[in-house]
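Residue numbers (this note's numbering): 1037 to 1199.
Here a beta-carbon is modelled for each residue, glycine too, at the ideal position from N, C-alpha and C.
As structure tokens, the structure follows; a few thoughts come after it.
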């Protein structure tokens, strides 16, 4: 009889850290992106109605979110203080680990984000995700996936967000 194998899904920035600390071993991590599943993670969602009726508000919110990431990654201490205030169980060690993993795996600064700004998206990547969903029968091919997203508020270039 072989060894028991446990697995679960989690965030690269937190669950492996918890396993290392509580389990006393370094887990093997498999990224779904390495196996062809490359959705955008942690997107900002709103109603289509708000985008149509108040695009300036949506743009300001998206810009503030992206600029917040740049600010946090340049100096994480003010943000970390707020995180720890709202999440008393959060440790400095966990926060350092999380930032290191974000950088190591290019989660915030993907190749596209390095050129087009944090939050960069493309029609080609959305199509690739949709095609993979159709191939695996998660979605029907007649779904208009382009109704699910807009590039209107993102991909403005690093300079736009750092001015």
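Minimum length 4: unbroken alpha helix (DSSP H) runs contained in the segment 1063-1113:
Whole alpha helix (DSSP H) segments, 4+ residues: 1084-1089 and 1091-1110.
Taking residue 1191 as the reference, give the member of 1176, 1099, 1117 and 1125 with the closest Cα.
Selected option, being the one with the closest Cα: 1099.
Checking 8 Å against the spacing of the C-beta atoms, do residue 1135 and residue 1101 come in under that value?
In this structure, residue 1101 does not lie closer than 8 Å to residue 1135 by Cβ.
Indicate whether residue 1153 and residue 1194 have their beta-carbon atoms separated by less than 8 Å.
The answer is yes: Cβ separation under 8 Å.
Identify the continuous alpha helix (DSSP H) that holds residue 1052 and give its terminal residues.
Judged by DSSP secondary structure, residue 1052 falls within the alpha helix (DSSP H) whose first and last residues are 1051-1059.
Going by the beta-carbon positions, is the gap between residue 1025 and residue 1157 smaller than 8 Å?
Given a span of 1037 to 1199 for the chain in the structure shown, any question on residue 1025 remains unanswerable.
Compare the Cα-Cα distances from residue 1165 to each of 1055, 1059, 1197 and 1071 and report the closest residue.
Relative to residue 1165, the option among 1055, 1059, 1197 and 1071 whose CA is nearest is 1071.
Helix, strand or coil for residue 1023 per DSSP?
Residue 1023 lies beyond the range of the chain shown here (1037 to 1199); nothing can be said about it.
Using the C-alpha atoms, what's the distance from residue 1073 back to residue 1089?
When rounded, the distance between both Cα atoms is 33 Å.
Would you report the Cα separation of residue 1047 and residue 1167, rounded to the nearest angstrom?
Roughly 24 Å separates the two Cα atoms.
Which listed residue (1188, 1197 and 1044) has its alpha carbon closest to that of residue 1092
Minimum Cα distance to residue 1092 is reached at 1188.
Using the Cβ count rule (16 or more neighbours within 10 Å means buried), how would you classify residue 1155?
Buried, by the Cβ-count rule.
Suppose the cutoff is 7 Å on Cβ atoms and the five residues either side in sequence are ignored; what does the same chain contact list for residue 1103 look like?
Here the set comprises 1197.
Buried or exposed for residue 1223, please, with buried defined as at least 16 other CB atoms from any protein chain shown within 10 angstroms of its CB.
No answer is possible for residue 1223: it lies beyond the span of the chain, which begins at 1037 and ends at 1199.
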